[in-house]
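A short write-up of the structure that comes next.
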Amino acid sequence: MAGKIRHHREPNPIELTTSIDKLCFIVVKAKEFDAKVDVVEPDPGGNPSDDSDREVLEDYPDDPTYQELYDALSMLNDDEQIEVLALTWLGRGDYDRSQWKQALADAAAAHNASEPGYLTGTPLLGDYLEEGLDKLGHSCADTAVENL
94 MAGKIRHHRE
104 PNPIELTTSI
114 DKLCFIVVKA
124 KEFDAKVDVV
134 EPDPGGNPSD
144 DSDREVLEDY
154 PDDPTYQELY
164 DALSMLNDDE
174 QIEVLALTWL
184 GRGDYDRSQW
194 KQALADAAAA
204 HNASEPGYLT
214 GTPLLGDYLE
224 EGLDKLGHSC
234 ADTAVENL
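Just so we're aligned, residue 94 is where the sequence shown starts under this note's numbering, counting upward by one.
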């Protein structure tokens, strides 16, 4: 995935604790993980030279894309994890821009050690985070994803 993520931004960005580069990295990894599909045949025994092309989009238990996303979320400090959770809820439409402080308070109340697992298991996580960032006036448009 090369290039830049493009989005429309709200005026007057709301300041975030988590760096945009970290958030955009998580967006990219979440979208890569969301693109995965369930394994149709665990091991079809076909031609090994072309199996890897198909398998890269299949979701295996030891999937490195999942692990990269999970690790990125796990390495965030508590405040950053809370912010990612609140951004997810904001992007999903549970809150709007005017309710950002309430979203953060609710995310802080819900925060626990299983946050990375919850977030990794959230379908469309990358889309929700992008939308949440957009609602707060931020974008990954200026972040070259190949440098993440």
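C-beta: ideal position from N, C-alpha, C; glycine also.
Where E125 falls: helix, strand or coil (DSSP):
Looking at E125 - three-state DSSP - the assignment turns out to be helix.
Under a three-way DSSP split, which group does P216 fall into?
Coil, per DSSP.
Pull up the distance between the alpha-carbon of L183 and that of L222, whole angstroms please.
Straight-line measurement puts the Cα of L222 at about 8 Å from the Cα of L183.
Residue range of the alpha helix (DSSP H) that I175 falls in?
Unbroken alpha helix (DSSP H) run through I175: 171 to 185.
Exposed or buried, which one is I175 when buried takes at least 16 other CB atoms within 10 Å?
I175 should be labelled buried.
Once you ignore the five residues that flank P209 on each side, which residues in its own chain have a CB closer than 7 Å to its CB?
Cβ within range, chain order: Y163, L166, S167.
So, using beta-carbon positions, are E108 and T158 closer together than 9 Å?
No, they are not a contact pair.
Compute the distance between the beta-carbons of G219 and D156, then report whether it is under 9 Å.
In terms of Cβ geometry, G219 and D156 do not form a close pair [threshold 9 Å].
What's the C-alpha gap between A179 and D199?
Rounded to whole angstroms, A179 to D199 spans 8 Å at the Cα level.
Out of curiosity, what's the CA-to-CA distance linking A203 and D171?
Cα to Cα, A203 sits roughly 12 Å from D171.
Cutoff 8 Å; reference L245; Cβ partners in own chain excluding five residues on either side
Residue 245 cannot be examined here, being either before or after the span of the chain that is shown, 94 to 241.
Beta-carbon proximity of E161 to R185, cut-off 9 Å:
No; because the gap between Cβ atoms is not below 9 Å, this pair is not in contact.
Start and end residues, alpha helix (DSSP H) containing T158
In the DSSP annotation of this structure, the continuous segment of the alpha helix (DSSP H) that includes T158 starts and ends at 157 to 167.
State the Cα-Cα distance for the pair N205 and D235, rounded to the nearest angstrom.
Computed Cα separation, rounded: 32 Å.
Which two residues bound the contiguous alpha helix (DSSP H) that contains D199?
Per DSSP, the unbroken alpha helix (DSSP H) holding D199 starts and ends at 193 to 203.
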